[in-house]
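Data first, discussion second: the structure below is written as structure tokens.
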Amino acid sequence: MIPFSKCPACGGEMVEKEVEKLLRGGIHTAILTVWAEVCLHCGERLYSQETVRRFEQIRAKLEHQEVVEFQPIGQSFQVA
Ligand SMILES: [Zn+2]
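So for the sequence shown, this note's numbering puts the first residue at 962; every next one is plus one.
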């Protein structure tokens, strides 16, 4: 899927894992679970092109307030 068997940042071993990704667009935030290659050493995450495209689409929807298809899970708060 991803052409890295070693971490491009530190050379550590990469494993495929399900991770939680937080996306922001405008005032909205979305959380989704995606597969990523994660470095066991430094925690660097690599996403496939398809996943990155999905992030961009979701960010654009958040920015344009097109959130009807997303499921609300609670409020977000900013803590000073
Ligand atoms: Zn690394």
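Glycine is no exception: its CB is placed at the ideal position from the N, C-alpha and C atoms. This one's a predicted model, so the numbers in the text were calculated from it and none came from an experiment.
Query, Result
"Please identify the residue among I988, I1034 and K982 whose C-alpha is closest to the C-alpha of L1023.", "I988"
"Is A1041 near ligand 1, judged by its Cβ being under 7 Å from some heavy atom?", "no"
"For V995, does the three-state DSSP call read helix, strand or coil?", "strand"
"In the structure shown, what three-state DSSP assignment does V1013 receive?", "helix"
"Between which two residues does the beta strand (DSSP E) containing L1001 stretch?", "That residue, L1001, is in no beta strand (DSSP E); it is neither H nor E in DSSP."
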